[in-house]
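In my numbering, the protein residues as written are 5 to 124.
Here it is as structure tokens:
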């Protein structure tokens, strides 16, 4: 019938410990570092004691040599020195209107008409 097979590891002899390859240890530790991972669940899935996983994590943390992150220095931009832009000053109806070079001509016409209307 529907009986599934399961792999069972039988440990015999004086050394009853499983030997884990460095790759397997690294994979197990990596699983524990995933966001939201619970070490006890990872250990249970691999059928090992969670304390063993903590030991491997500590060993790997201490075995990692300090490293440096490369820094890319970009040449600094020369500071922008603003020179006063030329402007036109118009005196209308007791008001002073300063017109800069990038002023929209249609806007200037509207402002001048409004000032003239107010002055009348």
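Heads up, the beta-carbon is just placed ideally off N, CA and C, and yes, glycines get one too.
Given residue i as reference, the closest of the options once Cα atoms are compared
i	options	result
residue 26	42, 111, 63 and 40	63
residue 90	40, 104 and 51	104
residue 96	23, 114 and 13	114
residue 29	46, 116, 109 and 100	46
Counterpart residues of residue i in DSSP-defined beta bridges
i	result
residue 100	95
C-beta contact flag for residue i and residue j at 9 Å
i	j	result
residue 116	residue 92	no
Okay, do the region 54-64 and the region 32-43 touch, 3+ Cβ pairs below 8 Å being the bar? yes
Q.
Please give the ranges of any alpha helix (DSSP H) in the region 19-43, keeping only runs that are unbroken, at least 4 residues long and fully inside the region.
A. 26-37
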